[in-house]
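Letter by letter, the sequence shown follows residues 5 to 181 in the working numbering. Ideal placement from N, C-alpha and C gives every residue a C-beta, glycine not left out. These notes are about the structure you will find just below.
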Amino acid sequence: MTRFVGLLYSISLPQGKRVLNEPLRTLLETLGYRNVRTLLATGNVVFDAKDTDARALEKTIEPAFAEMFGRHIDFIVREGDRWQALVQGNPFPEQSKSEGSRVAVRVMRASVTSAAQTLIVERAGNAEIVRFVDGDPWIYFGDGIGRSKLAAVLTPKRTGVGTARNWNTVKKIADVL
């Protein structure tokens, strides 16, 4: 068995509903995954699977999710050891200690393209610092995430399929691994 991290792009469902932890856990257990644990209320799951191919897991989980919840939502899967490497690769260790909610990584299904990298860097505000580590964009939001104009750029259509998590969430997931 291999340990994985799964991340929903969004927890918003039709008619203003949200994906709750218990139904998400039940879905993964129904698909045969073991030791399923949801974290926080933002679509984070840690689980064990016999399959070792993260992309194959995404292709299994996404249609099952759409059937159960009535909406397709991208589900990004990373092997546990790749998640630990992501944690170790944090390019903002000092900011993360005191401002973990202002440091975020967009976990990508495939490495962000050079065109998307250019777009992200060009759109970053003066108080934002952007770094790319192993295909994922990391951003320090000096004025806070809520004030940033990068949200309009960090979308699947503009930068590729991925989902953002702040440092506090990244660490909590790593702790569960």
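When you compare the CB positions of PHE145 and GLU126, do they come within less than 8 Å of one another, or not? Along the sequence shown, read from residue 1 onward, the residue named residue 145 stands at position 141. Along the sequence shown, read from residue 1 onward, the residue named residue 126 stands at position 122. In this structure, GLU126 does not lie closer than 8 Å to PHE145 by Cβ.
Checking the sheet assignment: what are the DSSP bridge partners for MET112? In the sequence shown, counting from the first residue as 1, residue 112 sits at position 108. In DSSP, MET112 forms a bridge with GLY166.
Can you give the beta carbon distance from LEU35 to THR64, rounded, assuming they're within the 8 Å contact cut? Locating residue 35 in the sequence shown gives position 31, counting from the first residue. Locating residue 64 in the sequence shown gives position 60, counting from the first residue. The pair is a contact, with the Cβ atoms about 6 Å apart (cut-off 8 Å).
Kindly provide the ranges of any beta strand (DSSP E) runs that are 3 or more residues long and lie completely inside the segment 27-100, ordered along the chain. Those beta strand (DSSP E) runs which fall completely within the segment 27-100 and span 3+ residues are 38-43, 48-53, 79-83.
Sort PHE51, VAL111, THR173 by Cα distance to GLY164 and report the nearest one. The residue labelled residue 164 in the question sits at position 160 within the sequence shown. Comparing Cα-Cα distances from GLY164 to each of PHE51, VAL111, THR173, the minimum goes to VAL111.
How many Å lie between VAL137 and ASP85 at the Cα? Within the sequence shown, the letter at position 133 stands for residue 137. Within the sequence shown, the letter at position 81 stands for residue 85. So the two alpha carbons sit approximately 15 Å from each other.
Quick check on GLU132: does DSSP put it in helix, strand or coil? On the sequence shown, residue 132 is found 128 positions in, with the first residue counted as 1. It is a strand residue.
Within the same chain, show all residues whose beta-carbon is closer than 6 Å to that of TYR37, passing over the 5 residues directly before and after it, in chain order. Against the sequence shown, residue 37 aligns to sequence position 33. Cβ neighbours of TYR37 beyond the five flanking positions: PHE51, ALA53.
Alpha carbon to alpha carbon, how far is ALA60 from VAL116? For the purposes of this step, residue 60 is taken as the residue at position 56 of the sequence shown. For the purposes of this step, residue 116 is taken as the residue at position 112 of the sequence shown. For ALA60 and VAL116, the distance between alpha carbons rounds to 20 Å.
As a quick exercise: from ASN130, ILE15, ASN172, pick the residue whose alpha carbon is nearest that of ALA70. Counting from one through the sequence shown, the residue named residue 70 turns up at place 66. If we check each option's Cα against that of ALA70, ILE15 comes out closest.
Short of 7 Å in beta carbon distance, which residues of its chain neighbour LEU48, apart from the five on each side in sequence? Order them along the chain. As a working note, residue 48 is residue 44 in the sequence shown. A quick correction: the sequence has Asn, not Leu, at residue 48. Counting only Cβ-Cβ distances below 7 Å, and skipping sequence neighbours, we find LEU11, THR42, THR173, ILE177.
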